[in-house]
Amino acid sequence: MKMTIKSLVMTIWLAALFTSANATDHTCTDCHATSTPGANDLINPLPDLCVDCHAERIAAGEHIVDIPVSEPDNTLPLYDGVMSCATCHDPHQPFAALRMEDPELCRQCHLK
Numbered sequence: 012m013k014m015t016i017k018s019l020v021m022t023i024w025l026a027a028l029f030t031s032a033n034a035t036d037h038t039c040t041d042c043h044a045t046s047t048p049g050a051n052d053l054i055n056p057l058p059d060l061c062v063d064c065h066a067e068r069i070a071a072g073e074h075i076v077d078i079p080v081s082e083p084d085n086t087l088p089l090y091d092g093v094m095s096c097a098t099c100h101d102p103h104q105p106f107a108a109l110r111m112e113d114p115e116l117c118r119q120c121h122l123k
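The sequence shown begins at 12 in my numbering and counts up by one.
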């Protein structure tokens, strides 16, 4: 994996955040009704599920969701035809990591 300065800084910053007093342990049942692997049984719809814990980020306008996509290309997942937190973030990876490196991720939609 190619490591850019930005991704290195983000990795170090996120690692520090994760090991801080603010870190919490998450389990499958924080988001899913059961702990069955592969189950698609979210306890709330997206992005409401993410907002349960990350409301301050959404309120600050740092992340944009619920945008209809007119020409989806199946590169990134949509939820009911709109962007959601999980369109760009993989909730099953540490720190809900981005699905691709920046700016490749942004270019999936913005340079079309």
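The beta-carbon is built from N, C-alpha and C at its ideal position, and this holds for glycine as well.
So residue i is in the alpha helix (DSSP H); what residue range does that whole segment cover?
i, result
"L116", "E115 to H121"
"C96", "C96 to C99"
Report all residues from its chain with a CB closer than 7 Å to the CB of residue i; omit the five preceding and five following residues, and keep chain order.
i, result
"G92", "P79 and V80"
"N55", "D63"
"D101", "A107, A108 and R110"
Any idea if residue i is buried or exposed, counting beta-carbon neighbours within 10 angstroms, 16 or more meaning buried?
i, result
"S95", "buried"
"A152", "The structure shown has nothing for residue 152, since the chain only spans 12 to 123."
How about residue i and residue j: are their beta carbons less than 7 Å apart?
i, j, result
"L57", "A97", "yes"
"C117", "L109", "no"
"Q119", "L87", "yes"
"C39", "L60", "no"
Give me, in chain order, the residues of the same chain whose beta-carbon lies closer than 8 Å to that of residue i; leave out the 5 immediate sequence neighbours on both sides.
i, result
"T45", "C39 and D52"
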